[in-house]
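Each residue of the sequence shown is one higher than the one before, counting from 10 in the numbering used here.
Just so it is clear, CB atoms sit at the ideal spot from N, CA and C, and this is done for glycine as well.
Keep in mind that this is a model prediction, so the values were computed, not measured.
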Amino acid sequence: MTAATGPALSIVVPVYDEEGNVGPLHDELVGVATALGRPYEILFVNDGSRDATLARLEAIRARSPHLRIVDLDGNFGEAAALSAGFAHARGDVVVTLDGDGQNDPAAIPRLLDRLGPHVDVVSGRRAERKEAFLSRVLPSRVANRLIAWTTGVPVYDCGCGLKAYRREVLAGAQLPRGMNRFLPAILGVRPERVAEVRVEDRPRGSGRSHYGLSRTFVVLRDLLALPLLCRRPPRGRALPRALGGAEAVLVGTGVLAIVATLGWPAGLAPARGFAPWVALAALGAAGAGWAVLYNVRRWVHARETGVFRVRKVI
Numbered sequence: 010m011t012a013a014t015g016p017a018l019s020i021v022v023p024v025y026d027e028e029g030n031v032g033p034l035h036d037e038l039v040g041v042a043t044a045l046g047r048p049y050e051i052l053f054v055n056d057g058s059r060d061a062t063l064a065r066l067e068a069i070r071a072r073s074p075h076l077r078i079v080d081l082d083g084n085f086g087e088a089a090a091l092s093a094g095f096a097h098a099r100g101d102v103v104v105t106l107d108g109d110g111q112n113d114p115a116a117i118p119r120l121l122d123r124l125g126p127h128v129d130v131v132s133g134r135r136a137e138r139k140e141a142f143l144s145r146v147l148p149s150r151v152a153n154r155l156i157a158w159t160t161g162v163p164v165y166d167c168g169c170g171l172k173a174y175r176r177e178v179l180a181g182a183q184l185p186r187g188m189n190r191f192l193p194a195i196l197g198v199r200p201e202r203v204a205e206v207r208v209e210d211r212p213r214g215s216g217r218s219h220y221g222l223s224r225t226f227v228v229l230r231d232l233l234a235l236p237l238l239c240r241r242p243p244r245g246r247a248l249p250r251a252l253g254g255a256e257a258v259l260v261g262t263g264v265l266a267i268v269a270t271l272g273w274p275a276g277l278a279p280a281r282g283f284a285p286w287v288a289l290a291a292l293g294a295a296g297a298g299w300a301v302l303y304n305v306r307r308w309v310h311a312r313e314t315g316v317f318r319v320r321k322v323i
């Protein structure tokens with residue numbers, strides 16, 4: 010690899026409080042990448058870790074010429090850490106995986122083999138999840154089916170961090186918090202250019218998971234805006250303003266229907282039996298509209314201001 014040509018492969022690993030995992034994972038990645046026989050770089054994105062993660066990475070960097078560290082100026086979340094990794098990756102192909110050791114680097118060659126002239130993204134699909142079924146696996150399966158149905162992108166394990174991308178599909182990516190759960194659909198990649206490869210799942214190397222059951226409800230909230238963000242992503246503030254106006258109308262209609270249900274002032278009495286259904290429909294639509302408006306605003310804000318700040322690149 011030379012400064013002029015750059016690496017052919019970038020491996021991006023977002024990490025937050027993973028001091029016990031970064032060393033073993035780095036060594037595994039070096040072994041796999043070296044065997045591929047192509048120029049590569051490994052980027053660890055430190056997302057404001059509070060433990061010794063950064064110090065461990067800096068010690069590894071002293072002996073590893075292929076390692077680069079992107080140290081973020083705070084904890085911005087996995088979506089932002091991935092966005093920072095995408096922005097700093099120099100390879101023609103970008104591979105991502107989680108920093109907890111659960112994704113097996115040995116699967117990377119299979120993902121790269123699946124990339125081709127007609128495939129821009131390859132996503133891992135975990136064969137046997139090494140997590141609690143009721144609190145992690147079952148909600149994930151339900152969410153993945155909903156994401157695939159909503160977007161039309163045939164990926165049924167969006168939560169698997171092991172993915173391979175052609176660099177051009179990542180250009181300018183600024184993912185709001187939590188939107189990494191919808192990769193690769195959120196990038197606007199056409200469904201026929203996405204593939205899945207079965208990969209092995211491993212127990213976490215050390216430490217504890219940073220996610221719980223509550224993220225399932227967040228996924229359900231964000232799903233409502235997904236078709237819009239994937240197919241016609243807003244690029245300015247015109248759409249948020251229009252959605253805000255529609256939201257105000259729905260809320261107003263719901264409030265008026267509630268007033269009609271409870272009783273209007275004397276002389277203003279509409280058909281009472283109809284009012285409760287109007288209230289439910291209007292407020293239900295208002296709730297769904299709020300979720301869409303919330304995510305559209307987040308998307309526009311992320312595009313305009315960015316989602317991460319970098320303290321230093323080592």
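Short of 7 Å in beta carbon distance, which residues of its chain neighbour residue i, apart from the five on each side in sequence? Order them along the chain.
i, result
"P242", "G197, W308"
"L81", "V54, N55, D56, G57, A90, A93, F317, R318, V319, R320"
"R84", "It should be pointed out that residue 84 corresponds to Asn in this sequence rather than to Arg. Closer than 7 Å at Cβ, skipping near neighbours: Y25, D56, G57."
"G32", "R65, I69"
"A61", "E28"
"C239", "T160, A194, I195, G197"
"L155", "L232"
"W188", "The amino acid at residue 188 is misidentified as Trp; the sequence shows Met. The residues are A88, I195."
Relative to the C-alpha of residue i, which residue among the options is closest?
i, options, result
"R244", "A90, A157, R312", "R312"
"N112", "A204, R202, T43, P23", "P23"
"V41", "A116, P74, A297", "A116"
"R99", "G315, H310, P16", "P16"
"L229", "C239, R199, A247, R190", "R190"
"R186", "R47, G315, L171", "G315"
"G170", "R207, W158, T62, L233", "R207"
"L4", "V151, P74, R77, S73", "Because the chain in this structure spans residues 10 to 323, residue 4 falls outside the shown range and cannot be described."
"V178", "A297, A96, T62", "A96"
"Y49", "I78, D101, G86", "D101"
"A194", "W158, V21, A247", "W158"
"R211", "L18, R199, L34", "L34"
"K172", "P126, C239, V104, D36", "V104"
"A247", "L192, H310, E137, G181", "H310"
"R77", "L63, A71, I51", "I51"
"R199", "T43, A297, V128", "V128"
So with Cβ pairs under 7 Å, would you call residue i a contact of chain C?
i, result
"L171", "You won't find chain C in this structure, because it holds only one protein chain."
Go ahead and pull the three-state DSSP assignment for residue i.
i, result
"N112", "strand"
"Y303", "helix"
"L121", "helix"
"V227", "helix"
"N341", "Past the edges of the chain, shown from 10 to 323, lies residue 341, and the structure says nothing about it."
"E67", "helix"
"S215", "coil"
"V41", "helix"
"A173", "strand"
"L233", "coil"
"D36", "helix"
"L179", "helix"
"L76", "strand"
Would you say the beta carbon of residue i is closer than 6 Å to some non-hydrogen atom of the ligand ADP?
i, result
"G296", "No copy of the ligand ADP occurs in the structure displayed, which carries no ligand at all."
Return the Cβ separation of residue i and residue j in integer angstroms, given the expectation that the two are a contact with Cβ distance under 8 Å.
i, j, result
"R175", "L121", "Wrong, their Cβ atoms sit about 11 Å apart, outside the cutoff."
"V54", "G94", "5 Å"
"E201", "R134", "Not a contact, Cβ separation roughly 17 Å."
"V227", "V162", "Not confirmed; about 20 Å, so no contact."
"V305", "L235", "About 11 Å separates the two Cβ atoms, so there is no contact after all."
"V79", "V301", "So it is not a contact: roughly 32 Å between Cβ atoms."
"V39", "S73", "7 Å"
"L18", "R59", "Actually they do not touch by this definition, with Cβ atoms about 31 Å apart."
"E37", "P126", "The Cβ separation is near 30 Å, so there is no contact."
In terms of DSSP beta bridges, what is residue i paired with?
i, result
"L81", "V319"
"E50", "S19"
"E205", "S132"
"T105", "V21, K172"
"N189", "Its beta-bridge partners do not exist; DSSP assigns none."
"D210", "N112"
"N153", "Per DSSP, none; premise fails for N153."
For residue i, which residues in the same chain have their Cβ closer than 6 Å to its Cβ, ignoring the five residues on either side in sequence?
i, result
"L184", "A88, S92"
"W273", "Caution is warranted here: a pLDDT of 49 is assigned to W273, below 50, making its placement in the model unreliable, and the coordinate value is therefore given only provisionally. Excluding sequence neighbours, W273 sits near nothing in its chain."
"L45", "none"
"D107", "G170"
"S132", "V164, K172, E205"
"A182", "S92, F95"
Return the chain-ordered list of same chain residues with a C-beta closer than 8 Å to the C-beta of residue i, the five sequence neighbours on each side being excluded.
i, result
"R119", "V206, V208"
"N153", "V164, Y165, D166, C167, G168"
"E137", "E209, D210"
"L63", "N55, I78, D80"
"A71", "none"
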